[in-house]
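Participant: Please see the structure below; I have some questions.
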Amino acid sequence: MLNRKLKRRQISGSYFVALETCQLLMRVISAARWNNTNQLIEQIRQLGKTLINAQPREFTCGNIIRRVLAIIRDEVYETTENENMTPMISSMFSLLSTNVEKKEPIAPPVPTNPRIHHNKNHDLRSIIIQGIRDLIDEISNIDDGIEAMSVDLIHDNEILLTPTPDSKTVLKFLLKARQKRKFTVLVTECFPNRTSIAHSFAKELSDAKIDTVVIPDSHVFAVMSRVGKVIVGARSVFANGGTVSSAGVAAVAECAKEHKTPVFSVAGLYKLSPTYPFDVENLIEVGNSGKVINFSESNLVQHADITNPLFDYIPPEHIDIYITNMYVFIHPFPVVFWAKFY
Amino acid sequence: MGDTEFDIKSSYLKFLEEDPEITMPIAAIESLVTLLKVKQPSTSSELIKLTQSATDTLKQSIPNAISLSAGCDLFMRFVLRNTHLYQDYESCKRHLVENGQLFLERSKDSRNKIAAFGARFITDDDIILVHSFSRTVFTLLNHAVEKKIRFRVIVTEARPTFQGEIMAKMLREQGVPVNLIVDSAVGYVIHKVDKILVGAEGVAESGGIINHVGTYQIGVLAKSANKPFYVVSESHKFVRMFPLAPDDIPTDQNSLQFTTNDEEIGNNSPQIDFTPHEFITALITDLGVLTPSAVSEELIKMWYD
Numbered sequence: 050m051l052n053r054k055l056k057r058r059q060i061s062g063s064y065f066v067a068l069e070t071c072q073l074l075m076r077v078i079s080a081a082r083w084n085n086t087n088q089l090i091e092q093i094r095q096l097g098k099t100l101i102n103a104q105p106r107e108f109t110c111g112n113i114i115r116r117v118l119a120i121i122r123d124e125v126y127e128t129t130e131n132e133n134m135t136p137m138i139s140s141m142f143s144l145l146s147t148n149v150e151k152k153e154p155i156a157p158p159v160p161t162n163p164r165i166h167h168n169k170n171h172d173l174r175s176i177i178i179q180g181i182r183d184l185i186d187e188i189s190n191i192d193d194g195i196e197a198m199s200v201d202l203i204h205d206n207e208i209l210l211t212p213t214p215d216s217k218t219v220l221k222f223l224l225k226a227r228q229k230r231k232f233t234v235l236v237t238e239c240f241p242n243r244t245s246i247a248h249s250f251a252k253e254l255s256d257a258k259i260d261t262v263v264i265p266d267s268h269v270f271a272v273m274s275r276v277g278k279v280i281v282g283a284r285s286v287f288a289n290g291g292t293v294s295s296a297g298v299a300a301v302a303e304c305a306k307e308h309k310t311p312v313f314s315v316a317g318l319y320k321l322s323p324t325y326p327f328d329v330e331n332l333i334e335v336g337n338s339g340k341v342i343n344f345s346e347s348n349l350v351q352h353a354d355i356t357n358p359l360f361d362y363i364p365p366e367h368i369d370i371y372i373t374n375m376y377v378f379i380h381p382f383p384v385v386f387w388a389k390f391y
Numbered sequence: 037m038g039d040t041e042f043d044i045k046s047s048y049l050k051f052l053e054e055d056p057e058i059t060m061p062i063a064a065i066e067s068l069v070t071l072l073k074v075k076q077p078s079t080s081s082e083l084i085k086l087t088q089s090a091t092d093t094l095k096q097s098i099p100n101a102i103s104l105s106a107g108c109d110l111f112m113r114f115v116l117r118n119t120h121l122y123q124d125y126e127s128c129k130r131h132l133v134e135n136g137q138l139f140l141e142r143s144k145d146s147r148n149k150i151a152a153f154g155a156r157f158i159t160d161d162d163i164i165l166v167h168s169f170s171r172t173v174f175t176l177l178n179h180a181v182e183k184k185i186r187f188r189v190i191v192t193e194a195r196p197t198f199q200g201e202i203m204a205k206m207l208r209e210q211g212v213p214v215n216l217i218v219d220s221a222v223g224y225v226i227h228k229v230d231k232i233l234v235g236a237e238g239v240a241e242s243g244g245i246i247n248h249v250g251t252y253q254i255g256v257l258a259k260s261a262n263k264p265f266y267v268v269s270e271s272h273k274f275v276r277m278f279p280l281a282p283d284d285i286p287t288d289q290n291s292l293q294f295t296t297n298d299e300e301i302g303n304n305s306p307q308i309d310f311t312p313h314e315f316i317t318a319l320i321t322d323l324g325v326l327t328p329s330a331v332s333e334e335l336i337k338m339w340y341d
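Take a look at the structure:
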């Protein structure tokens, strides 16, 4: 179901995809039958594969699956640890340590007493489902964590610029900061895909008595010298710190770099992906070119190539701080820091 | 205690010579294992002392001991950790000695693992710049060939060892079009190159690498031309070392030896150099694709857990 929805893009936006994936996993796990945990993990992995193939650019889906797998593995570890399992040693060590003989005699008992496991199945199921519930809680309350930091990060009378008016997180971030601070926000117009969203974003900000200015995308460099901070809502963040966001953001980040303006990337933890962006060009989706120039202008459309990329990849060196609901990272941070969630 | 005299250095060199597929750290581990096999220490403190002294001799007697010391340190750490882990000394020793061969296979496995990770970096029509000869880089490129990716490679000749010629020959045998250039031509070709792959003799804690001389300048050029610079290395080459400049590498090469005599390029031309982490885009290792800062994290995990 979700598979088809993803393919048809009936759900898009990482937030909804994340929630839907959680719901689906919950249903799968409550219906699934398994004799040992390896089977369960295998089942979920398969499911993950189909979902990721359905929409390879929707990374949150894979992230959620990985986190649920991590929950399961954690649980399995805890239960088997009582049966005297040596804790995993550092991965670098594995060159030497995987042949620790001790492991050999321990491995067999796990499959030989499936009966004990059988009784545990029920337990495990409810524990996993509880884990997913917590995850859903975390995702739906993600903005609270990020909001809380906004007052510390925004100064009075500061000029901010955001090139991603479609991000709910950025909106809430700014609204929360307004409760204590007075500042100006510049919003880029985001032609052609998100212009109307940009307008309603600006409206919402000005309703909250924030000084708001909508500027054309081409104006970013000119105003950058006066901007104090750039706030970017991320679609996904990769292991190297590279970020995928709406089209136009990469240019804004480049301008910010030129003026040494700090760039904040705001993202929920579920958007942080442990994968590495091998092929940057393939991350970017191309949308309807009719939005750039109307098809009725056939004279031009016939003779020119018109493209409308929907996303941008921002290299890690263009982002200064990553703000998530749990931590604030600075740029050359090790991926291992968040790898523990997966 | 065994009566046989055992020369750790010659054993190390023998291992390297016998199997061209083996890396220096693995050869070091192998020779330490052989040492234990021959000497048969009877208590754990004796075992530790023996390993320690052999490690020291080995590090001192081999001129370029960086990646070798990574292997020794790894083994030492393993010994120390396991003597704590096992209550029973005999089983610990048996395990160390018996699995010598396994280490070797594992290290080869890890190279294949790297190749599988790294081949994803290579796409059709790429032009890749490779410096000197590295088994891991070769395995990676070979893996890409097997995946039917069409790419071309520019190989530097890598003076003074001319190891680039070996690399070029091996790649051509696999059907990869190769252009062998002199080291000084890197600046000329850098704008035509899509990415740069280099191996490493050792990876320092900062994420910088110690490698065949010339790597540093390629890193600087790559940075200024905005080309991705990837290091391909096994994780057993991570060394606990924090060099800040090329001078901090513990070798006896001295580039400040001047003479007015007519002299050929000799011992005073450096053989290895240090490339700081800021020039490295990512490290492709058997632990996955790491940012340079993740190296220290891995080392900390191993030494301070």
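First to last, the sequence lines map onto chains Z and V. Counting with the numbering used here, you get residues 50 to 391 for the letters of the first sequence. Counting with the numbering used here, you get residues 37 to 341 for the letters of the second sequence. Just so you know, even glycine gets a beta-carbon here, dropped at the ideal spot from N, CA and C. Note that the structure is predicted; figures quoted are calculated from it, not measured.
1) Out of Z:I280, Z:E334, Z:S79 and Z:L55, which has the shortest C-alpha to C-alpha gap to Z:E69?
2) Going by other Cβ atoms of all chains shown within 10 Å of its Cβ, with 16 needed for buried, is Z:F65 buried or exposed?
3) What are the residues in the stretch 284-297 of chain Z lying within 8 Å of chain V by C-beta distance?
4) Would you say V:V234 lies against chain Z (beta-carbon separation less than 8 Å)?
5) Who are the neighbours of Z:F409 on chain V, taking C-beta pairs under 7 Å?
6) Could you work out which residue in Z:A226, Z:I113 and Z:E207 is closest to Z:A197 when comparing CA atoms only?
7) Count the CB pairs spanning the stretch 186-198 of chain V and the stretch 155-163 of chain V that are closer than 8 Å, and state whether there are at least three.
8) Could one say the Cβ of Z:F108 lies closer than 8 Å to chain V's Cβ atoms, at least one of them?
9) Can you tell me whether Z:E238 is buried or exposed? The criterion is at least 16 other CB atoms within 10 Å of its CB, across all chains shown.
10) Examine the Cβ distances between the stretch 317-330 of chain V and the stretch 139-157 of chain V and report whether three or more of them are shorter than 8 Å.
11) Decide if V:T295 is buried, meaning its Cβ has at least 16 other Cβ atoms within 10 Å, or exposed.
12) Between Z:L118 and Z:R94, how many whole angstroms is the CB-CB distance? I'm expecting something under 8 Å.
13) Report the rounded CA-to-CA distance for Z:V77 versus Z:I178, giving the unit in angstroms.
14) If you measure between the beta carbons of Z:K278 and Z:T233, is that distance less than 8 Å?
15) Looking at the secondary structure, which residues open and close the beta strand (DSSP E) in which Z:D201 lies?
16) Taking Z:P358 as the reference, which of Z:V335, Z:I379 and Z:S347 has the closest Cα?
17) Spell out whether any CB of chain V is found under 8 Å from the CB atom of Z:D328.
18) Under 7 Å, CB to CB, which of the residues in the stretch 315-326 of chain V have a partner in chain Z?
19) Whether or not the stretch 230-238 of chain V and the stretch 99-107 of chain V are in contact is what I'm after, with contact meaning three or more pairs of Cβ atoms, one per stretch, closer than 8 Å; do they touch?
20) According to a CB-to-CB cut-off of less than 9 Å, which residues of the stretch 155-183 of chain V neighbour chain Z?
21) What's the call for Z:I120, buried or exposed, on a 16-neighbour Cβ count within 10 Å?
22) Where Z:R53 and Z:I113 are concerned, what is the direct C-alpha to C-alpha distance, given to the nearest angstrom?
23) In angstroms with no decimal places, state the Cα-to-Cα distance between Z:G180 and Z:R116.
24) Taking Z:V200 as the reference, give the member of Z:D172, Z:E307, Z:K229 and Z:A81 with the closest Cα.
25) Report back the beta-carbon spacing between V:Q199 and V:S168 to the nearest angstrom; my notes put them in contact at under 8 Å.
26) Per DSSP, V:H248 is paired with what?
27) If you compare alpha carbons, which of Z:S322, Z:P241, Z:E127 and Z:A103 is closest to Z:N343?
28) Would V:I245 pass as a contact of V:T311 if the rule is Cβ separation under 8 Å?
29) Do Z:M273 and Z:L318 count as a contact pair if the criterion is CB distance below 8 Å?
30) Could you tell me whether the Cβ of Z:Y319 comes closer than 8 Å to any Cβ of chain V?
31) Checking contacts by CB at 8 Å: is Z:Y325 closer than that to chain V?
32) If contacts are defined as beta-carbon pairs under 8 Å, then Z:V315 and Z:V281 qualify, I think. What distance do you get, rounded to the angstrom?
Facilitator: According to the structure data:
1) Z:L55
2) exposed
3) A288, N289 and G290
4) no
5) Past the edges of chain Z, shown from 50 to 391, lies residue 409 of chain Z, and the structure says nothing about it.
6) Z:A226
7) yes
8) no
9) buried
10) yes
11) exposed
12) 7 Å
13) 10 Å
14) no
15) No beta strand (DSSP E) holds Z:D201; the alpha helix (DSSP H) holding it covers I191 to L202.
16) Z:V335
17) yes
18) A318, L323 and V325
19) yes
20) R156, F157 and T159
21) buried
22) 18 Å
23) 10 Å
24) Z:K229
25) 5 Å
26) V:I308
27) Z:P241
28) yes
29) no
30) no
31) yes
32) 7 Å
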